[in-house]
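Reviewing the structure listed below.
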Amino acid sequence: MTNENEHVICLDGEGVVWHGGTAVPHAAEAIDMMRKDGFRVIILTNNASRSSAQYVARLANGGFPGFEERDVVTSAVAVSRYLTRLGFKNDGNNGGSGRKIFVIGTEGFISEMQKNGMTVLTTSNFDGQDIHEMELDPTVGAVIVGSSEEFSYRHVAIATRFVIENDAMLLSANQDGSYPYNRRVLIPGAYALAKCIGTAASRNPIVLGKPNPAVFETIDGLKDVPKKNIWMIGDRMNTDIKFAKNVGIRSILVLTGVSKQEEVQMYDRSDRPDFICPNLIEAFTIIKNTA
1177 MTNENEHVIC LDGEGVVWHG GTAVPHAAEA IDMMRKDGFR VIILTNNASR SSAQYVARLA
1237 NGGFPGFEER DVVTSAVAVS RYLTRLGFKN DGNNGGSGRK IFVIGTEGFI SEMQKNGMTV
1297 LTTSNFDGQD IHEMELDPTV GAVIVGSSEE FSYRHVAIAT RFVIENDAML LSANQDGSYP
1357 YNRRVLIPGA YALAKCIGTA ASRNPIVLGK PNPAVFETID GLKDVPKKNI WMIGDRMNTD
1417 IKFAKNVGIR SILVLTGVSK QEEVQMYDRS DRPDFICPNL IEAFTIIKNT A
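Counting in the numbering used here, the sequence shown runs from 1177 upward without gaps.
If you want it as structure tokens, here you go:
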């Protein structure tokens, strides 16, 4: 049964709510306004560096209290729930396949996998072993790539061997070749790392995270909400707005992040956002007037 009374706003993180470690001006005020008007607010980020719990703490410390873990959906959450549907979860209660995953990513990314019942291997499991001669665990069925500043030739070599010799799936946590840090520099993203492995293994990565519509299915509590009651507000045409188009929800591009007005004109009209706004407060004003 659909819930006509529930209204949801999905917000991208970087470029919409925060820039690096700094809140976007008036973002906290806008989120407070959304909640006071009865909207459920969800953070839907492609960033794979932190767990949902870490994001909740970061948001609270940064002036955004009131978020629960179910309201923070990272690409790590999307990956773990996708793997659960494929039978990788090994909690002893659901007949898990016993398959393991080899993960490249931050501690937060890895902990999200483990919290959701995955049996995780990392390069540390092979410390001291020669990458050419080491025996592979035959139960590893997927290689998962998130963001990692420790990424190295050893990561590529071990991951490539799993993909080729075990025929393991190669999954990228998102399709971000790079992402902005404090609006000044671009840092290589998960997809750049996954493509490195994919090139070595002659395998195209499966990409989760926005704009993959599978992400929508991993958000708790949206199944019964009419799509006309759900909005996506983001700063990237190729991820946030494309995601909204892929799942059939309305979208607003805010000009506080990556994509600018000129970029929008490069897209076909059918691929453009429903609205373009300079900031989050004006975006919510539009939602109130059209909801």
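The C-beta atom is built at its ideal place from N, Cα and C for all residues, glycine as well. Small disclaimer: the values here were computed from a predicted structure and weren't measured.
Return helix, strand or coil for residue i, following the three-state DSSP convention.
i            : result
residue 1212 : helix
residue 1189 : coil
residue 1374 : helix
residue 1509 : Because the chain is modelled from 1177 through 1467, residue 1509 falls outside the range shown and cannot be assessed.
residue 1426 : strand
residue 1278 : strand
residue 1227 : coil
residue 1284 : helix
residue 1395 : coil
residue 1258 : helix
residue 1384 : coil
residue 1251 : helix
residue 1369 : helix
residue 1454 : coil
In whole angstroms, give me the CA-to-CA distance for residue i and residue j.
i            : j            : result
residue 1181 : residue 1339 : 46 Å
residue 1206 : residue 1456 : 6 Å
residue 1373 : residue 1421 : 30 Å
residue 1191 : residue 1435 : 10 Å
residue 1241 : residue 1313 : 43 Å
residue 1418 : residue 1283 : 29 Å
residue 1371 : residue 1344 : 15 Å
residue 1319 : residue 1265 : 15 Å
residue 1337 : residue 1365 : 22 Å
residue 1226 : residue 1195 : 15 Å
residue 1230 : residue 1251 : 14 Å
residue 1202 : residue 1452 : 17 Å
residue 1239 : residue 1200 : 11 Å
residue 1460 : residue 1413 : 19 Å
residue 1463 : residue 1184 : 11 Å
Ignore the nearest five residues each way along the sequence and tell me which others in residue i's own chain have a CB closer than 6 Å to its CB.
i            : result
residue 1426 : 1407, 1450
residue 1276 : 1295, 1297, 1315, 1316
residue 1388 : none
residue 1351 : 1367, 1383
With a threshold of 8 Å between beta-carbons, can residue i be considered close to chain C, or not?
i            : result
residue 1379 : Chain labels in this structure do not include chain C; a single protein chain is all it has.
Keeping to the same chain, check which residues put their C-beta closer than 7 Å to that of residue i; ignore five residues upstream and five downstream.
i            : result
residue 1330 : 1299, 1307
residue 1332 : 1372, 1373, 1376
Counting Cβ pairs closer than 8 Å, one from the region 1211-1225 and one from the region 1442-1449, do we hit at least three?
Taking a cut-off of 8 Å on C-beta distances, the region 1211-1225 does not touch the region 1442-1449, as fewer than three cross pairs fall below it.
Please give me, in chain order, every unbroken run of the beta strand (DSSP E) with length at least 3 that falls completely inside the region 1287-1328.
1316-1321
May I ask you to verify whether the region 1240-1250 touches the region 1289-1308, counting CB pairs closer than 8 Å and requiring at least 3?
no
Between the region 1324-1341 and the region 1250-1263, can you find at least three pairs of beta-carbon atoms closer than 8 Å?
no
Does the structure place the region 1353-1371 close enough to the region 1392-1402 that three or more beta carbon pairs sit under 8 Å?
no
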